[in-house]
Amino acid sequence: MAPRAVVLLSGGLDSATCMYLAREHGFEVEAISFNYQQRHSVELTAAQRLAATCGANHTIIDVNLRAIGASALTSDIAVPKGGTHLQGEAVIPSTYVPVRNLVFLSLAYALAEAKDCSAIFTGVNAIDYSGYPDCRPDFIASFAQTAALASKSGREGRAPEILTPLIAMTKSDIATEALRLAVPIHLTWSCYDPQTAGDMLKPCEQCDACLLRAQGFAALALQLSKEVIFGSPVKVA
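Heads up, the sequence shown is in UniProt numbering, so the first residue is 1 and it goes up one at a time.
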């Protein structure tokens with residue numbers, strides 16, 4: 001029987017690449033996504049489509065982080081545009097959601113224990129390192145230790161390994177890997193601030209997430225469609 005792994009699947013390029021890597025390494029994938037009342041909840045549609053293309057089981061959990069707010073993704077705070085944060089600022093951007101990865105990893109760990117999974121894949125990477133404190137390697141290592149202490153699987157010596165295969169990659173590295181793995185990149189969604197166009201939602205092409213993604217593909221110097229560079233518009237449900 002193939003080993004099983006939980007993959008945190010937001011619907012974006014990084015998490016989709018992580019899911020396809022998990023499959024390449026022989027894991028049966030249990031994808032987990034979160035409806036946290038995010039501004040860009042259209043990413044859940046992307047996650048559902050991606051999970052289906054990978055043949056993964058898919059669980060969506062409701063976690064109302066809008067009740068906490070304090071983030072441009074879960075409140076009326078404006079999403080920053082123009083790539084200000086991409087220019088090397090040391091401040092944590094307003095798109096940071098308070099301890100989101102701690103919450104999500106905890107729930108992913110619970111699913112891994114319930115489904116007897118031996119690994120958890122998360123797509124945190126070096127690009128997020130300086131801006132988001134819950135994307136740092138030392139946070140991941142500390143969480144793994146704490147979760148093992150707090151869980152039945154950890155006490156029994158079978159704690160799932162937390163794998164971060166993208167941690168040292170740039171966005172262009174991740175784009176290259178996604179192309180190698182034949183990830184359906186046009187189905188992924190990265191934009192923080194979806195724009196309405198008739199009955200469709202389309203990427204804004206101006207937020208940090210859109211610009212970082214576009215920069216990653218631009219570095220490859222390939223002829224790629226706009227749907228690959230920014231993601232395809234999605235019909236409003």
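Where a beta carbon is used, it is the ideal one built from N, C-alpha and C, also for glycine.
Query                                                                                                           : Result
Residue from 20, 169, 231 and 237 with nearest C-alpha to residue 199                                           : 237
The segment 30-37 touching the segment 167-184, judged by at least three CB pairs closer than 8 Å               : no
Whole-number beta carbon distance between residue 56 and residue 30, since they are thought to touch under 8 Å  : 7 Å
First through last residue of the alpha helix (DSSP H) which encompasses residue 145                            : 137-150
Residues bridged to residue 261 (per DSSP)                                                                      : No statement about residue 261 is possible, as the shown extent of the chain runs from 1 to 237 and does not include it.
Straight-line Cα distance separating residue 82 from residue 32                                                 : 31 Å
Beta-carbon proximity of residue 45 to residue 228, cut-off 8 Å                                                 : no
The segment 185-200 touching the segment 140-160, judged by at least three CB pairs closer than 8 Å             : no
Identity of the residues DSSP links to residue 197 by a beta bridge                                             : 200
Residue 42 beta carbon less than 8 Å from that of residue 160                                                   : no
Residue span of the beta strand (DSSP E) that contains residue 78, given as start and end                       : It is not in any beta strand (DSSP E) - residue 78 carries neither H nor E in the DSSP assignment.
Expected contact under 8 Å - CB spacing of residue 14 and residue 95 to nearest Å                               : Actually they are not in contact, since the Cβ atoms of residue 14 and residue 95 sit about 15 Å apart, beyond 8 Å.
Those runs of the alpha helix (DSSP H) which lie wholly inside the segment 166-195 and span at least 4 residues : 171-180
Cβ neighbours of residue 224 in the same chain (closer than 7 Å, five flanking residues each side left out)     : 217
8 Å Cβ cutoff met for residue 101 and residue 79                                                                : no
Inter-residue CB distance, residue 112 and residue 27 (contact presumed, cutoff 8 Å)                            : Their Cβ separation, rounded to whole angstroms, is 11 Å, which puts residue 112 and residue 27 out of contact at 8 Å.
Segment contact, 8 Å Cβ cut-off, at least three pairs: the segment 174-182 with the segment 15-22               : yes
Distance, residue 73 Cα to residue 206 Cα                                                                       : 15 Å
Cβ neighbour criterion (16 or more within 10 Å) applied to residue 91                                           : exposed
Rounded C-alpha distance that separates residue 109 from residue 147                                            : 8 Å
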